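Numbering-wise (this note's numbering), the sequence shown opens with residue 219 and increments by one.
All C-beta atoms in this analysis are idealised placements derived from N, C-alpha and C, irrespective of residue type, glycine included.
Because the structure is a prediction, the values reported are computed rather than measured.
Report on the structure given below.
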Amino acid sequence: MTPLLILCLATLPAETSPTGRVDYARDVKPILAQNCVKCHGPDKQRGGLRLDTAGAPPPGGG
């Protein structure tokens, strides 16, 4: 194997779940909490978008 291929394979993300299924609480919510909730959470909803709950309706009530 070339060093570049080894580097690429080493940086691939590991599967987070044995089933390969994405879980909102485990996989998605921490990312949103760290990067998005400051502007799209319970206190502020820029653009009418709230991302701190899984069941929040999209902007416009969709």
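Buried or exposed (CB count within 10 angstroms, at least 16 for buried), residue i
i, result
"Arg244", "exposed"
"Arg239", "exposed"
"Arg264", "exposed"
DSSP bridge partner residues for residue i (one or two, in chain order)
i, result
"Gln263", "His258"
Cβ-Cβ separation, residue j to residue i (assumed contact under 8 Å), whole Å
i, j, result
"Val255", "Asp270", "5 Å"
Residue i: CB within 7 Å of a non-hydrogen atom of the ligand MG
i, result
"Cys254", "This structure lacks the ligand MG; in fact it carries no ligand of any kind."
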